[in-house]
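Protein chains in written order, with the working numbering: chain A, 214 to 629; chain B, 2 to 333.
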Amino acid sequence: MLRNFWRSLVRVTSFLGKELRETLRRPGILAALVIGPFLIMLIFGLGYTGARRPFEAEVVVPQGSDLPRDPKFYEDLAPGRMNVVGVTADQDAAAQRLRNRQTDMIIVAPPNAQDSLQKGKQAQIVVAWNEVDPVQDQLANLAVDSMVSALNAYVIKEVAAKGLDGAGGGAPANLSPDLIAHPTTAVTKNLAPSSVNVLNFFSPAVLALVIQHLAITLSALSMVRERLSGQMDLFRVAPVNAVEVLTGKYLAYALLSLIATTAVGAAMIYLLHVPLISGYLLPIGIILLLTFAGLGVGLLISLVADSERMAVQLSMLVLLASVFFSGFVLPVQDFVGPVQIISYLLPVTHAIALLQDSMLRGQLFQPWMLPALAGIGLALYLISLLRMQSVLKGVGAPARKRRLVPLFGSPPGVSE
Amino acid sequence: MTAATPTPPATSDAVAPVIGLSGVSRQFGDLWAVHDLSMDVPAGTILGLIGPSGSGKTTTIRMLTGTLQPSAGQIRVLGEDPAQFTIRTRERIAYMPQTFSLYPDLTAGENVGFVASLYGYSWFGRRGRIKRALSIVDMWDKRGRLARDLSGGEQRRLELACAIVHDPAVLFIDEPTAGLDPMLRRSVWDELRRMRDEGRTLLITTQYVAEAAYCDNVALLADGELVSLAHPEELRRSVYGGDVLEVEADGPVSPDVLANVPDVSSVRQAGPRRLVVVVEDAGAASPRVTDALSSAGIGLHSLQEFQPNLDDVFTELVARRRASNGNGRHAA
Numbered sequence: 214m215l216r217n218f219w220r221s222l223v224r225v226t227s228f229l230g231k232e233l234r235e236t237l238r239r240p241g242i243l244a245a246l247v248i249g250p251f252l253i254m255l256i257f258g259l260g261y262t263g264a265r266r267p268f269e270a271e272v273v274v275p276q277g278s279d280l281p282r283d284p285k286f287y288e289d290l291a292p293g294r295m296n297v298v299g300v301t302a303d304q305d306a307a308a309q310r311l312r313n314r315q316t317d318m319i320i321v322a323p324p325n326a327q328d329s330l331q332k333g334k335q336a337q338i339v340v341a342w343n344e345v346d347p348v349q350d351q352l353a354n355l356a357v358d359s360m361v362s363a364l365n366a367y368v369i370k371e372v373a374a375k376g377l378d379g380a381g382g383g384a385p386a387n388l389s390p391d392l393i394a395h396p397t398t399a400v401t402k403n404l405a406p407s408s409v410n411v412l413n414f415f416s417p418a419v420l421a422l423v424i425q426h427l428a429i430t431l432s433a434l435s436m437v438r439e440r441l442s443g444q445m446d447l448f449r450v451a452p453v454n455a456v457e458v459l460t461g462k463y464l465a466y467a468l469l470s471l472i473a474t475t476a477v478g479a480a481m482i483y484l485l486h487v488p489l490i491s492g493y494l495l496p497i498g499i500i501l502l503l504t505f506a507g508l509g510v511g512l513l514i515s516l517v518a519d520s521e522r523m524a525v526q527l528s529m530l531v532l533l534a535s536v537f538f539s540g541f542v543l544p545v546q547d548f549v550g551p552v553q554i555i556s557y558l559l560p561v562t563h564a565i566a567l568l569q570d571s572m573l574r575g576q577l578f579q580p581w582m583l584p585a586l587a588g589i590g591l592a593l594y595l596i597s598l599l600r601m602q603s604v605l606k607g608v609g610a611p612a613r614k615r616r617l618v619p620l621f622g623s624p625p626g627v628s629e
Numbered sequence: 002m003t004a005a006t007p008t009p010p011a012t013s014d015a016v017a018p019v020i021g022l023s024g025v026s027r028q029f030g031d032l033w034a035v036h037d038l039s040m041d042v043p044a045g046t047i048l049g050l051i052g053p054s055g056s057g058k059t060t061t062i063r064m065l066t067g068t069l070q071p072s073a074g075q076i077r078v079l080g081e082d083p084a085q086f087t088i089r090t091r092e093r094i095a096y097m098p099q100t101f102s103l104y105p106d107l108t109a110g111e112n113v114g115f116v117a118s119l120y121g122y123s124w125f126g127r128r129g130r131i132k133r134a135l136s137i138v139d140m141w142d143k144r145g146r147l148a149r150d151l152s153g154g155e156q157r158r159l160e161l162a163c164a165i166v167h168d169p170a171v172l173f174i175d176e177p178t179a180g181l182d183p184m185l186r187r188s189v190w191d192e193l194r195r196m197r198d199e200g201r202t203l204l205i206t207t208q209y210v211a212e213a214a215y216c217d218n219v220a221l222l223a224d225g226e227l228v229s230l231a232h233p234e235e236l237r238r239s240v241y242g243g244d245v246l247e248v249e250a251d252g253p254v255s256p257d258v259l260a261n262v263p264d265v266s267s268v269r270q271a272g273p274r275r276l277v278v279v280v281e282d283a284g285a286a287s288p289r290v291t292d293a294l295s296s297a298g299i300g301l302h303s304l305q306e307f308q309p310n311l312d313d314v315f316t317e318l319v320a321r322r323r324a325s326n327g328n329g330r331h332a333a
């Protein structure tokens, strides 16, 4: 029995040794497993500011109002939560700027606050914002609460000061305790064209992440597999060129992405009732651009991966980076400048913003992201094309020692 | 190394070589995988590239297909440098790599169809070609099976079907029979010879020396060098310096008995009653050997031409080459 146990132990250690040796002999995989996630976490830790960007607010003070017109006065009511970008008397123009997302919030001061108080009524402030992000919606509410509290304290202080000065004779004696405690109140309104909830907001983002990951993984695996199995040799001999190979692959994966999008999108819209305000065409266009760029990332991975395992690992790293830096979890603006560059190099960052805008708002508020997404895809396509062309021409200069992992070509070494 | 143009087959004399190598070398780091290789392959013939593992066969075939550039020398295939093949030329050649390079998740028919489409055949245009190619390798009935579910031999035949689907004039085939059982090897070679009979030119590598007999000419490679290039029978003769006769007498016999017989190059004692006689031409020398023995009063028990095993022939040729080269691969 002891003998059997010993032999069983030996067999276990044989696998232990084999797995360790195999893994250690592929330093690229180790790097992807350890250094990759560590780097992402490090960049995240160093790059996240930990503070939300204050709301860019515009204050509407109607003509004839006795309220101050100094932006700083309002900014000090909710310090750190609000950045008052202007004070205007034109409420319609301010509302339009809010709809156009040129500002985040408008605060409409009551036209006759003094009169309301004199009549024993709360002065009513109207605050509006335009957010589809439920977190931002909550933060806007908090900012308004903070502002109203500060404003009430200010009013009470002002009234008390007037009373102490003996000038408070104008104040009615029948003020309710509630009015004294809360002389102003806020009526809030979110102008977002779709209902604000977690499901609506994150569904387009999840769709974008799924599509990007699908495109990256499929293209990276396909290319690495073809490279390792010698199929590239067939392409080199056949009368096929790099444009034909890449275009065929792009079309295939675009079709697969569309099928996946149709399935996931239909479930989102018809089962989960996620809004699709813009209609189908714009999201489909965004998905196609995302697929185009995602395939390019996959091809880029296939340039450095020396095995299918490494290709999968690198694809997962891109997914991890996408979750952290794309605006999926935290707004891109919450990161420091250099990290935002990483964010904007990820195709999914643009796709998430574009899909959320088109599906939940019905229009694009950052239209520059469309050409940016196309540009990323085009740049990656051109890099892949150049590399594919050199691969199809045959293995490079004969005397050159190829120390790096070959890209699409066969591994270096002495053939038979 | 001196170029040695093999004897062209009767059907293709006076035809320019389809494949030509002149002083071709390929270096990997400090190692010469192929060194100073020169040879021509006439149209409509099979040239067998034969040699032990690591002798440079695959490197040679990859240089010929343009997937690897030579470090030195000149290669012409169908009159063009493989590195500069035009599309039209590519359409006339086929390459079957050593490793299974088809798509395991496609069916046999889909794999052949994919390769046909690489050569520009539309869905309508390739249907007939797929059927023909699969029928040739006796795989038409298995056209619907996934490539991964095929046996090793079937996969090899499927690759052959892929290689011929576009009706190429020149085929480069790397180890077509590796891992196949003798029956399948025979059937693959029958197919290759049938293609040759249709006028195609084939360059085939193999580790199986016995398969040299199927080739019109054989290039024997060792350590990246061309050891010999000739018809298989010529190679046999070259080892011994001519035809070999085995003589068995009824009683003891001495080599001196045959020493002065015309056409006899050498005589070796192989036993008390046995002699091994090297002659210029076995057919012409046999009666003279018989007469000489009879004149010496020695009864002849048997006289037959000795057919040395090709394995022995190649082993001998490689050993001789290594002995003359100092037994090593070229270093840079």
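Where is the CB? At the ideal position from N, CA and C, for every residue including glycine.
Compute the beta-carbon to beta-carbon distance between residue i and residue j, rounded to the nearest angstrom, for a pair I have assumed lies under 8 Å.
i                      : j                      : result
residue 510 of chain A : residue 593 of chain A : 6 Å
residue 269 of chain B : residue 256 of chain B : 7 Å
residue 352 of chain A : residue 265 of chain A : 6 Å
residue 265 of chain B : residue 280 of chain B : 5 Å
residue 560 of chain A : residue 492 of chain A : Not confirmed; about 23 Å, so no contact.
residue 297 of chain A : residue 288 of chain A : 5 Å
residue 369 of chain A : residue 396 of chain A : 7 Å
Starting from residue i, find everything on chain A with Cβ-Cβ shorter than 8 Å and list it in chain order.
i                      : result
residue 201 of chain B : None at all; the shortest Cβ gap to chain A is about 16 Å.
residue 66 of chain B  : 446, 449 and 450
residue 120 of chain B : 451 and 452
residue 88 of chain B  : 452
residue 233 of chain B : Ordered by position in chain A, no residue passes the 8 Å Cβ test against residue 233 of chain B, which lies about 22 Å from the chain.
Thinking just about the alpha-carbon of each residue, which of the options is nearest to the one in residue i?
i                      : options                       : result
residue 236 of chain A : A/555, A/354 and A/520        : A/520
residue 486 of chain A : A/409, A/462 and A/460        : A/409
residue 598 of chain A : A/536, A/457 and A/478        : A/457
residue 450 of chain A : B/91, B/161 and B/100         : B/91
residue 35 of chain B  : B/311, B/56 and B/125         : B/56
residue 44 of chain B  : B/238, B/244 and B/17         : B/17
residue 156 of chain B : B/98, B/87 and B/83           : B/98
residue 167 of chain B : B/179, B/82 and B/89          : B/89
residue 213 of chain B : B/227, B/223, B/198 and B/236 : B/236
residue 354 of chain A : A/330, A/336 and A/317        : A/317
residue 445 of chain A : B/142, B/104, B/93 and B/41   : B/104
residue 302 of chain B : B/192, B/247 and B/318        : B/247
residue 320 of chain A : A/304, A/499, A/585 and A/550 : A/304
residue 218 of chain B : B/209, B/184 and B/234        : B/234
Measuring CB to CB, does residue i end up less than 8 Å from residue j?
i                      : j                      : result
residue 556 of chain A : residue 540 of chain A : yes
residue 130 of chain B : residue 117 of chain B : yes
residue 436 of chain A : residue 360 of chain A : no
residue 96 of chain B  : residue 173 of chain B : yes
residue 603 of chain A : residue 512 of chain A : no
residue 202 of chain B : residue 164 of chain B : no
residue 194 of chain B : residue 94 of chain B  : no
residue 228 of chain B : residue 319 of chain B : yes
residue 280 of chain A : residue 274 of chain A : yes
residue 24 of chain B  : residue 77 of chain B  : no
residue 290 of chain B : residue 274 of chain B : no
residue 474 of chain A : residue 420 of chain A : yes
In chain A, what lies closer than 7 Å to residue i by C-beta?
i                     : result
residue 92 of chain B : 452
Which residues in chain B have a C-beta closer than 8 Å to the C-beta of residue i? List them in chain order.
i                      : result
residue 435 of chain A : Result: empty, since nearest Cβ-Cβ is about 10 Å, beyond 8 Å.
residue 442 of chain A : 100, 101 and 102
So with CB distances below 9 Å, who are the chain A contacts of residue i?
i                      : result
residue 209 of chain B : Neighbours of residue 209 of chain B on chain A: none; closest Cβ ~14 Å, over 9 Å.
residue 96 of chain B  : 446, 447, 449, 450 and 451
Please list, in chain order, the chain B residues whose beta carbon lies closer than 7 Å to that of residue i.
i                      : result
residue 408 of chain A : Here the premise fails: no neighbours, minimum Cβ distance about 44 Å.
Inset, instruction - Taking only runs that begin and end inside the stretch 231-282 of chain B, name each unbroken alpha helix (DSSP H) of 4 or more residues, in chain order. - result: 233-241
Inset, instruction - Let me know the beta strand (DSSP E) ranges lying completely inside the stretch 295-369 of chain A, each 3 residues or longer, listed in chain order. - result: 295-301, 318-321 and 336-342
Legend entry - Unbroken stretches of the alpha helix (DSSP H), 4 residues or longer, contained in the stretch 63-98 of chain B: 88-91
Inset, instruction - Any chance you could list the alpha helix (DSSP H) runs of at least 4 consecutive residues sitting entirely within the stretch 472-534 of chain A, in chain order? - result: 494-517
Inset, instruction - Tell me the start and end of each unbroken alpha helix (DSSP H) in the stretch 384-426 of chain A that is at least 4 residues and wholly inside, in chain order. - result: 390-394
Inset, instruction - Please list the segments of the beta strand (DSSP E) lying wholly inside the stretch 530-576 of chain A, counting only runs of 3 or more residues, in order along the chain. - result: none
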